[in-house]
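Asker: These protein sequence lines map, in sequence, to chains R and P. With this note's numbering applied, the first sequence covers 3 to 113. With this note's numbering applied, the second sequence covers 20 to 134.
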Amino acid sequence: GQQVMQIPQYQHVQEGEDFTTYCNSSTTLSNIQWYKQRPGGHPVFLIQLVKSGEVKKQKRLTFQFGEAKKNSSLHITATQTTDVGTYFCAGPGFGNEKLTFGTGTRLTIIP
Amino acid sequence: GAGVSQSPSNKVTEKGKDVELRCDPISGHTALYWYRQSLGQGLEFLIYFQGNSAPDKSGLPSDRFSAERTGGSVSTLTIQRTQQEDSAVYLCASSKYRDYIYEQYFGPGTRLTVT
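#1: With the cut-off set at 8 Å, would you say R:Gln-66 and R:Ser-74 are in Cβ contact?
#2: Could you give the DSSP three-state label for R:Thr-22: helix, strand or coil?
#3: Among R:Lys-72, R:Ala-70, R:Gln-50, whose alpha-carbon lies nearest the alpha-carbon of R:Leu-63?
#4: Let me confirm a value: R:Lys-71 is counted as buried when at least 16 other C-beta atoms fall within 10 Å, else exposed. Which label applies?
#5: What does a CB cutoff of less than 6 Å around P:Gly-40 pick up in its chain, not counting 5 residues either side in sequence?
#6: Looking only at C-alpha atoms, which of P:Val-93, P:Arg-100, P:Thr-89 sits nearest to P:Ser-26?
#7: Pick from R:Asn-26, R:Thr-79, R:Gly-43: whose alpha carbon is nearest that of R:Thr-88?
#8: Return the CA-CA distance between R:Ile-112 and P:Thr-132, expressed in angstroms with no decimal places.
#9: Would you verify that the beta carbon of P:Phe-125 is, or is not, closer than 8 Å to some beta carbon of chain R?
#10: Buried or exposed: P:Pro-80, going by 16 or more other Cβ atoms within 10 Å of its Cβ?
#11: Going by DSSP, which residues form a beta bridge with P:Leu-65?
#12: How far does the beta strand (DSSP E) with P:Thr-132 in it reach, from first residue to last?
#13: Alpha carbon to alpha carbon, how far is R:Gln-82 from R:Glu-17? Give it in angstroms, no decimals.
#14: Assign P:Ser-28 to buried or exposed, taking buried as 16 or more other Cβ atoms, counted over all protein chains shown, within 10 Å of its Cβ.
#15: Indicate whether the contact test is met: 3 or more Cβ pairs, each with one atom in the stretch 17-33 of chain R and one in the stretch 31-50 of chain P, closer than 8 Å.
#16: Less than 8 Å between C-beta atoms, sequence neighbours within five positions excluded: which residues of the same chain meet that for R:Gln-13?
#17: Using 10 angstroms around the beta-carbon of P:Leu-51, count the other beta-carbons present and answer buried if the total reaches 16, otherwise exposed.
#18: Look up R:Ser-74 in the DSSP assignment and give the residues it is bridged to.
#19: Mind checking which residues open and close the beta strand (DSSP E) that includes R:Pro-41?
#20: If you drop the 5 nearest sequence neighbours on each side, which residues of the same chain put their C-beta closer than 6 Å to that of R:Phe-103?
#21: Could you give the distance in angstroms between the alpha-carbon of P:Gly-47 and the alpha-carbon of P:Gln-103?
#22: Taking the beta strand (DSSP E) that R:Val-6 falls in, what are its first and last residues?
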């Protein structure tokens with residue numbers, strides 16, 4: 003079945019440093035979604051990318067969908083303490099709404 | 020507006036007892052999902068309902084787990100003869116296809132502890 007892996011599993015950064023998490027799917031995805039889960043909270047939708055090579059920005063967050071639509075990345079510039087949490091990518095296969103979530107990257111910030 | 024709600028928020032049960040977890044999705048959302056999340060771990064897919072279609076049960080870990088969705092709205096996840104390894108947070112999510120996006124809205128979860 004479809005598998006979605008993320009690296010790294012954990013990332014500790016000094017406040018102000020940049021952060022990147024990478025997402026790789028075993029199959030081609032129709033789209034890729036990103037979610038953020040704060041400690042003790044539930045996942046919250048951040049964004050969806052659909053087109054091959056698509057890049058979207060949300061303030062300090064930059065999301066990219068690979069040309070082959072099998073990988074994606076999330077880059078945070080100048081991290082802040084509010085960025086703490088676990089970031090999940092998720093993608094459905096073609097013709098299937100069901101999302102397969104990635105393994106997640108837990109980001110901690112050192113003030 | 021109202022989001023996805025789940026009840027109870029916490030449930031402590033003895034090993035071997037049955038439990039029922041409830042999910043109220045956002046009104047009008049046709050798709051409903053159940054996930055399980057163990058402490059510090061990722062999201063484990065359990066089951067997926069879409070409209071009147073047969074549910075996708077491929078993620079249920081054993082036949083002790085079952086779920087229903089009545090009237091295309093409220094869903095109940097039932098775990099029979101609970102085991103300690105069932106302890107986790109059970110998350111429900113609903114979604115509706117809009118503007119080419121299947122954004123999932125998650126409930127706050129039910130924390131299940133089996134003693």
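Quick reminder that beta carbons are idealized off the backbone N, C-alpha and C, glycines included. Note that the structure is predicted; figures quoted are calculated from it, not measured.
Answerer: In terms of the structure at hand:
#1: yes
#2: strand
#3: R:Gln-50
#4: buried
#5: Sequence check: residue 40 of chain P is Leu here, not Gly. Taken in chain order, the residues that qualify are Leu-96, Tyr-109, Thr-129.
#6: P:Val-93
#7: R:Gly-43
#8: 32 Å
#9: yes
#10: exposed
#11: DSSP, once it has assigned bridges, lists no residue as partnering P:Leu-65.
#12: 129-133
#13: 6 Å
#14: exposed
#15: no
#16: Phe-21, Thr-23, Thr-107, Arg-108, Leu-109, Thr-110
#17: buried
#18: R:Cys-25, R:Phe-67
#19: That residue, R:Pro-41, is in no beta strand (DSSP E); it is neither H nor E in DSSP.
#20: Phe-90, Ala-92
#21: 36 Å
#22: 6-9
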